[in-house]
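Every number in our numbering is 694 more than the matching position in the sequence shown, counting from 1.
Heads up, the beta-carbon is just placed ideally off N, CA and C, and yes, glycines get one too.
These numbers come from a predicted model, not from an experiment.
Scroll down for the structure; my scribbles are underneath it.
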Amino acid sequence: MKFSELWLREWVNPAIDIIALAEQMTMIGLEVNQIEPVASQFNGVVIGHIVTCQPHPNADKLWITKVDIGGKYWLDITCDAPNCRANMRVAVATNRALLLEEFKIKDAKLHGKLSDCMLCSFSELGIAGNYDNGIIELPDEAPIGQDIRDYMQLADNTIHINVTPNRADCLSLLGIARDVAVRNRMPLVQPPIEPVMPTIGDTLPIHVDTSDDCPQYLGRVVKNIDIRALTPLWMKEKLRRCGLNSINAVIDITNYVLLELGQPMHALDRDRIEGGIVVRYAVQDEEIILLNGNKIMLSSNTLVMADYRKVLTLAGIIGGVAADINHTTRNVMLECAFFQPSAIIGRAHSYGLHTDASHRYEHGVDPALQPIAMERATALLISICGGQPGPVINITSEAKMPQRFSIHLRRKMLDRLIGHIIQDEDVSDILRRLSCKVSSTETGWKVQAPSWRFDITIEEDLIEEIVRVYGYDTIPNIPVRTELVMTHHREATLPLSRVKTLLVDLGYQEAITYSFVNPKYQALLHPKQTPLMLPTPVSQDMSAMRLSIWTGLLETVVYNQNRQQKRIRLFESGFCFVPDNSAELGVRQDLMLAAVISGDQFDKHWDLERQSVDFYDIKGDIEAIFELTGKLKDIEFRAQRHPALHPGQSAAIYLKNENVGFIGVIHPDLEIKMNLNDRTLVFELLWEKLAERKVPKANKISRFPANRRDINVLVTDDIAAADIIAECNKVSLNQLVEVNLFDVYRGKGIADGFKSLTISLVLQDTSRTLKEEEIAATVSRCVAALKKRFQASLRK
């Protein structure tokens, strides 16, 4: 946002210079990042009146003029400007005047004719803008002989400020002046805005089909305007100093109201509106040609202003050419509205647009401003272009307008957050100066924020405002004193940080990806799930909330593979967002822990054979995690299909018969679609099921020897080794201390559909040495149990 210093001082004029004003504005949250003069440092230029203007006898494009600047004699000046004519007020650079780049004016002969001085254009005075090429044309009432710097108030500065997203009210002179007035304890001098009484009864049918998104719409017909009327120089200059070019008087007026009050407005050619105005959502692929000449196809989520046959404007964004103001316009329809920010946010961006109107509507416009802006624009239009105003057409759904609620500000909370006591009367005074409604309570204050401060919704917002106005620099710098309280830590709680440390020790690196992802990419991994979509995404590639951390991790893998990374091991923890009608707000937030590995098993080494990662590498890492929880013996890897995983190399992870995650190789089809270069393996675990661990208990170490016996059993291919091990553990009489699978064989000597599993059984007692008969009996019980449940047989 940039604006004129003098325009601001028309509203509030503290007795401080521009540097102090800029520092003060920065301290109240309106950061000033640039101050620049509105014109170059020229001198010796005064207002003159062209008395006569004759063609030069020796040059086709030159004029010989006599100019009155209020002196004893008229000046003879030769000029080449196409707009030079008699009886116009002009800017005259007198003899010895200093213009741009130290250019001095002196007498000179042009094609044999002496020229005393020079008639100036805006560019020759260092005044930027879209002024016509030619000499400056000043109003007829401009006083002859007055210094042009004084007349045009060029001893002015343009101030550039950064406006934070929550302070949309400061995207106007009104909002900025309000804050400066509050800081300096000064009254705000607003221009008088009186209702303009209608002189005709002309109206227009208005239909608002979307009152939820457009709860207030105002329109007004003004007939018989003079479209050729020139925008006053004072208005052109104010627009220029705020970075806007002059277009025509009608559009300049709507832009002026935008800058002055912060209310976007639009003017339409009344005679090109067919029927009436309809505020509605666009039909999918409906067309509009915008004011910038672009033709676009509209989406059905775009709010538009239309008549009974065509779209006129993109609501809150930009107008179209169907009813734009042009040189033939005689009757206009002024319109302004209040739109909910949610109806505008992201719409302009989706069409590659960003306008002053969309910027303000996206951040929020004062819902009480529309009637004031309509009267202001009408008064300016009639004073400049003439015309006959009709009555204001006001379509308002009061129930849908934003409501203001009281906030309880506690004295105790104020003191605690600031660390400094501000007197009660000062707190009340600051809040009232901020236009809040304030009443005292036993514990603090009851406060209602003004309509333009929709960012003030909680107690902390009020405290921030109080400190901002009170002055951060006025709060004494006192060290904080507090008591150190030892936090309670349950031994059974496993910190997520501990698992992260383990994964780092295993060679992983932590990644942090966005919670919002590409919906098309995510649909490859979860084709049957519908994600939560963002109403106002940063981009279409980041418009869905993630259902799994895999989405972001796999994109990161592709990114790293494209940069010649041969060994990738990444993990991430974070929330995933799953639509669930039974959950609060219809969304379940699950804290997940996920990892991905790809490429080489080890970094390149002269003594290690290159080998790619496989299923058992990542399975071992999961087992290491569950070892930390003390629940390793409670987990099972069950064959279970997942749309993102290879059907023959994936498994669901169960903890005491409850699914807590998945592990596997990415499906070959997805590897191609996702542009993955190597075989990629992933796992994902529901953290809340791991966070509670078994507290380790110290057991006496046996002094007696351990005995190992190996058995080799034949089972069908569909039997999981984990089930075999679990069944062996069931028959133990506290003497079977370890069961391990150490070989799987298929091939010669083994029938098709079968496999040979070699299992080691380790037996030990804490009180005595086991006898061979006891060991043999335990082994026999294991074999019998396996034969009964799985029809297993000992391999001979």
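- Query: Apart from the five residues on each side of it in sequence, which residues of its chain come closer than 8 angstroms, Cβ to Cβ, to residue 922?
  - Reply: Numbered from its first residue, the sequence shown carries residue 922 at position 228. Counting only Cβ-Cβ distances below 8 angstroms, and skipping sequence neighbours, we find 1021.
- Looking only at C-alpha atoms, which of 944, 1455, 1187, 1036 sits nearest to residue 1389? Within the sequence shown, residue 1389 is the residue found at index 695, counting from 1. Looking at 944, 1455, 1187, 1036, the one whose alpha-carbon comes closest to that of residue 1389 is 1187.
- Using 10 angstroms around the beta-carbon of residue 932, count the other beta-carbons present and answer buried if the total reaches 16, otherwise exposed. Mapped onto the sequence shown, residue 932 falls at position 238. Within a 10 Å sphere around the beta-carbon of residue 932 sit 16 or more other beta-carbons, which makes this residue buried.
- Query: Under 9 angstroms, do residue 1058 and residue 1149 count as touching if we go by C-beta distance?
  - Reply: Walking along the sequence shown from the start, residue 1058 turns up at place 364. Walking along the sequence shown from the start, residue 1149 turns up at place 455. The answer is yes: Cβ separation under 9 angstroms.
- Can you tell me which of the three DSSP states residue 860 falls into? Position 166 of the sequence shown, counted from the first residue, corresponds to residue 860. DSSP places residue 860 in coil when its eight states are reduced to three.
- Task: Return no unless some Cβ of chain D is closer than 9 angstroms to the Cβ of residue 1329.
- Result: The structure shown contains no chain D; it is built from a single protein chain.
- Comparing alpha-carbon positions, which option in 936, 906, 1267, 833 lies nearest residue 956? Counting from one through the sequence shown, the residue named residue 956 turns up at place 262. Residue 956 has its Cα closest to that of 936, out of 936, 906, 1267, 833.
- Task: Would you kindly work out how many angstroms separate the C-alpha atoms of residue 917 and residue 1009, rounded to a whole number?
- Result: Locating residue 917 in the sequence shown gives position 223, counting from the first residue. Locating residue 1009 in the sequence shown gives position 315, counting from the first residue. C-alpha separation (whole angstroms): 24 angstroms.
- Message: Give me the DSSP bridge partner(s) of residue 914.
- Response: Taking the first residue of the sequence shown as 1, we reach residue 914 at position 220. The secondary-structure analysis by DSSP pairs residue 914 across a beta bridge with 1028.
- Message: Quick check on the DSSP output: what are the complete alpha helix (DSSP H) runs of length 4 or more inside the region 899-957, in order along the chain?
- Response: Runs of the alpha helix (DSSP H) inside the region 899-957: 927-935, 943-955.
- From this set, 1098, 1137, 820, 1417, which residue's C-alpha is nearest residue 1108's C-alpha? Stepping through the sequence shown from its first residue, residue 1108 is reached at position 414. Answer by Cα proximity: 1137.
- Message: Check whether the region 725-734 and the region 890-908 touch, using three or more Cβ-Cβ pairs below 8 angstroms as the test.
- Response: Counting Cβ pairs under 8 angstroms, fewer than three are found: no touch.
- Query: Where does residue 1333 land, buried or exposed, given buried means 16+ other C-beta within 10 angstroms?
  - Reply: Translated into the one-based positions of the sequence shown, residue 1333 becomes position 639. Classification for residue 1333: exposed.
- Query: Looking only at C-alpha atoms, which of 1161, 1305, 1141, 1463 sits nearest to residue 1152?
  - Reply: For the purposes of this step, residue 1152 is taken as residue 458 along the sequence shown, with counting starting at 1. Looking only at 1161, 1305, 1141, 1463, the smallest Cα-Cα distance to residue 1152 is reached by 1141.
- Task: Starting from the C-beta of residue 1036, find all residues in its chain whose C-beta is less than 8 angstroms away, skip the five residues before and the five after it, and write them out in chain order.
- Result: Locating residue 1036 in the sequence shown gives position 342, where the first residue counts as 1. Closer than 8 angstroms at the Cβ level, and outside the excluded window around residue 1036, lie 907, 1229, 1230.
- Message: My assumption, with CB atoms under 8 angstroms, is that residue 743 sits in contact with residue 761. Please give the rounded CB distance.
- Response: Within the sequence shown, numbered from 1, the residue matching residue 743 stands at position 49. Within the sequence shown, numbered from 1, the residue matching residue 761 stands at position 67. With 8 angstroms as the limit, residue 743 and residue 761 qualify as a contact, their Cβ atoms being about 7 angstroms apart.
- Message: If you follow the alpha helix (DSSP H) that residue 1254 is in, where does it begin and where does it stop?
- Response: Working through the sequence shown from its first residue, we reach residue 1254 at position 560. Start and end: 1244-1255.
- Query: Taking the alpha carbon of residue 1289 as the point to measure from, which residue in 1283, 1280, 1273, 1313 has its own alpha carbon closest?
  - Reply: Residue numbering aside, residue 1289 sits at position 595 when the sequence shown is read from its first letter. Comparing Cα-Cα distances from residue 1289 to each of 1283, 1280, 1273, 1313, the minimum goes to 1313.
- Coil, strand or helix - residue 1424 by DSSP: One-based indexing of the sequence shown puts residue 1424 at position 730. Helix at residue 1424.
- Message: Considering only the alpha carbon of each residue, which of 1284, 1460, 1416, 1393 lies closest to residue 1378?
- Response: Position 684 of the sequence shown, counting from 1, holds the residue named residue 1378. The residue with the shortest Cα to Cα distance from residue 1378 is 1284.
- Message: Here's the rule: buried if 16 or more other CB atoms are within 10 angstroms of the residue's CB, otherwise exposed. What is residue 1497?
- Response: Outside the displayed span of the chain (695 to 1490) sits residue 1497, for which this structure offers no information.
- Task: Taking the CB atoms as reference points, tell me whether residue 1436 and residue 1453 lie closer together than 9 angstroms.
- Result: Here residue 1436 is taken as the residue at index 742 of the sequence shown, counted from 1. Here residue 1453 is taken as the residue at index 759 of the sequence shown, counted from 1. In this structure, the beta-carbon distance from residue 1436 to residue 1453 falls below 9 angstroms.
- Message: Comparing C-alpha positions only, which one of 1326, 1192, 1367, 1016 sits nearest to residue 1350?
- Response: In the sequence shown, residue 1350 corresponds to position 656, counting from 1. Out of 1326, 1192, 1367, 1016, the CA that lies nearest to the CA of residue 1350 is found in 1326.
- Task: Use the C-beta contact count for residue 1249: other C-beta atoms within 10 angstroms, 16 or more gives buried, fewer gives exposed.
- Result: Sequence index remark: in the sequence shown, residue 1249 carries index 555 (1-based). With 16 or more Cβ atoms within 10 Å of its Cβ, residue 1249 is classed as buried.
- Task: Check whether the Cβ atoms of residue 1405 and residue 1359 sit closer than 9 angstroms, and answer yes or no.
- Result: Within the sequence shown, numbered from 1, the residue matching residue 1405 stands at position 711. Within the sequence shown, numbered from 1, the residue matching residue 1359 stands at position 665. The answer is no: Cβ separation not under 9 angstroms.
- Terminal residues of the beta strand (DSSP E) in which residue 746 lies: Here residue 746 refers to the residue found at position 52 of the sequence shown. 737-749 is the extent of the beta strand (DSSP E) around residue 746.
- Task: Run through the region 1132-1196 for me and flag every whole alpha helix (DSSP H) of 4 or more residues, listed as ranges in chain order.
- Result: Here the runs fully enclosed are 1153-1164.
- Task: Grab the span of the beta strand (DSSP E) containing residue 1404 for me, first residue to last.
- Result: Your numbering for residue 1404 matches position 710 in the sequence shown. Its beta strand (DSSP E) spans residues 1401-1410.
- Message: If we require 3 or more residues per run, which beta strand (DSSP E) segments fall completely within the region 1343-1386?
- Response: Within the region 1343-1386, the runs of beta strand (DSSP E) that reach at least 3 residues and sit entirely inside it are, in chain order, 1352-1360, 1374-1380.
- Message: Can you tell me whether residue 717 is buried or exposed? The criterion is at least 16 other CB atoms within 10 Å of its CB, across all chains shown.
- Response: Here residue 717 refers to the residue found at position 23 when the sequence shown is read from its first residue. A residue is called buried when at least 16 other Cβ atoms come within 10 angstroms of its Cβ; residue 717 does not meet this threshold and is exposed.
- Message: Do residue 1061 and residue 884 have their beta-carbon atoms positioned less than 9 angstroms apart in this structure?
- Response: Here residue 884 refers to the residue found at position 190 of the sequence shown. Here residue 1061 refers to the residue found at position 367 of the sequence shown. The Cβ atoms of residue 884 and residue 1061 lie no closer than 9 angstroms to each other.
- Item | First through last residue of the alpha helix (DSSP H) which encompasses residue 1215 | Here residue 1215 refers to the residue found at position 521 when the sequence shown is read from its first residue. Its alpha helix (DSSP H) spans residues 1213-1219.
- Message: Measuring alpha carbon to alpha carbon, tell me which residue in 1272, 1197, 1047, 867 is nearest residue 1242.
- Response: As a position in the sequence shown, residue 1242 is number 548, starting the count at 1. When each option's Cα is compared against that of residue 1242, the closest is 1272.
- Could you please give the first and the last residue of the uninterrupted beta strand (DSSP E) stretch that includes residue 1008? Locating residue 1008 in the sequence shown gives position 314, where the first residue counts as 1. For residue 1008, the enclosing beta strand (DSSP E) stretches over residues 1005-1008.
- Task: Please go through the same chain and pick out, in chain order, the residues whose beta-carbon is closer than 8 angstroms to the beta-carbon of residue 1115, but skip the five residues on each side of it.
- Result: The sequence position of residue 1115 within the sequence shown is 421, counting from 1. So the qualifying residues of the chain are 1109.
- Item | Selection from 1266, 1073, 1348 that minimises the alpha carbon distance to residue 1206 | Within the sequence shown, residue 1206 is the residue found at index 512, counting from 1. Cα-wise, what sits closest to residue 1206 is 1266.
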